[in-house]
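Asker:
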Amino acid sequence: MATAAAAAAMEEPDVVNGRDVVSWVASGVVLWSTAFLLVRALFPKRSYDFCNRAVSTMHAVAAVCLACLSVDDWSCPVCPLAAASSPRQMKALAVTLAYMVYDAACCHLNGDTRLDNAVHHLVSIVGIGAGLAYQRCGTEMVASMLVTEMSSPLLHLREMLKELGVRDTELNLLVDVLFAATFSAARMGVGPYLTYVTVTADNPILIKVYTYTDHRLRSVRQPNKLTTSALPPTRRWRRGCSW
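Just so we're aligned, residue 43 is where the sequence shown starts under the working numbering, counting upward by one.
#1: For the alpha helix (DSSP H) containing K204, name the first residue and the last one.
#2: Can you tell me whether R178 is helix, strand or coil according to DSSP?
#3: Can you have a look at I247 and say buried or exposed, based on whether 16 or more other CB atoms are within 10 angstroms of its CB?
#4: If you draw a straight line from the alpha carbon of R130 to that of S193, how long is it in whole angstroms?
#5: Among D145, L188, K87, which residue has its Cα nearest to the Cα of V103?
#6: In the DSSP assignment, what residue or residues form a beta bridge with A126?
#7: So A68 is in the alpha helix (DSSP H); what residue range does that whole segment cover?
#8: Just to confirm, are S186 and G231 a CB contact at a threshold of 9 Å?
#9: Please classify W74 as buried or exposed, where buried requires at least 16 neighbouring CB atoms within 10 angstroms.
#10: If I measure Cβ to Cβ from Y90 and keep anything under 7 Å in the same chain, skipping five residues before and after, which residues do I get?
#11: Return yes when the Cβ of M183 is within less than 9 Å of the Cβ of T237, no when it is not.
#12: Comparing C-alpha positions only, which one of S128, V219, F85 sits nearest to E205?
#13: Tell me the rounded alpha-carbon separation between A134 and S112.
#14: Mapping DSSP to helix, strand and coil, what is D158?
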C-alpha cells in the first residue's frame with residue numbers, strides 16, 4: 043500500500059493550485075484512515091496501538107520513497123534553498139500532512155492526550171501546511187522529511203515485535219541496534235545541518251520556526267523510547283553495570 047501511495051502521488055500536474063493541495067490532503071486522510079480500518083479488520087486480536095503503528099510504518103516507507111523520488115539532483119539533494127516547491131515536493135508534503143491529521147485524530151480517539159504528542163502534531167500540521175501554502179522551501183522540507191522518517195519503521199517495528207511476543211531475542215537486539223544507528227546518523231548527523239541551512243536561508247519565519255521546533259521535538263522524543271527492555275536478560279544486566 044505504501045508503494046501504491048508513492049506511485050500515485052508522483053503523477054504530477056503541470057500547475058499546482060490551492061484546490062489541488064486540499065484535494066491531495068483530503069484524499070490522503072481518507073487513505074490513511076482506510077488503511078487503519080483494513081489493518082484492524084485483518085488483525086482483530088491486535089491492539090489499537092499495534093494497528094496504528096502498522097499504518098505509521100506504511101507512511102514512513104511512503105514518505106521516504108516520495109522524498110527520494112522528488113530529488114532532482116542527487117549531487118546536491120538540498121539545492122536550491124528557499125526556492126519554489128516542485129509539484130513532486132508538494133505532493134510528498136501533502137501525503138505527510140494528511141498522515142499527521144490522521145495520526146492526531148487516531149491518538150485522540152485512543153485517549154492519548156500527552157502534551158508532547160499534541161505539540162508534535164500541532165507543529166507538524168501548521169509547519170507543513172505553511173510550506174504548502176507558501177509553495178516554497180520544498181527542498182528543505184522534503185529533505186527533513188526523509189531524514190526524520192528513515193528511522194521510524196524500526197521504531198515501530200520494535201514495539202510491534204513486543205506485542206507479537208518476540209521479546210528478549212537477538213532479533214530485538216538487532217532492531218534496537220539498527221534503530222540507534224539510523225537515528226544517530228540521520229537525526230543527529232544530518233538533521234542539525236538541515237536545520238541550520240533552513241533557518242539561515244531566506245525562508246518565511248513560520249518555516250524557520252517549524253523546522254527548528256520539529257527537529258528539537260523529534261530528537262528529544264525518540265531517544266527516550268530506546269530502552270533496554272528488548273535486550274536479552276544477560277545483556278540487560280551487563281548494560282546496567284558500571285564500566
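For each residue, glycine too, the CB sits at the ideal point set by N, CA and C.
Answerer: Let me spell this out:
#1: 194 to 205
#2: strand
#3: exposed
#4: 22 Å
#5: L188
#6: Beta bridge pairing from DSSP links A126 with R178.
#7: First-last of the alpha helix (DSSP H) with A68: 60 to 84.
#8: Taking 9 Å as the Cβ cut-off, S186 and G231 do not qualify as a contacting pair.
#9: buried
#10: N152
#11: The answer is no: Cβ separation not under 9 Å.
#12: F85
#13: 8 Å
#14: helix
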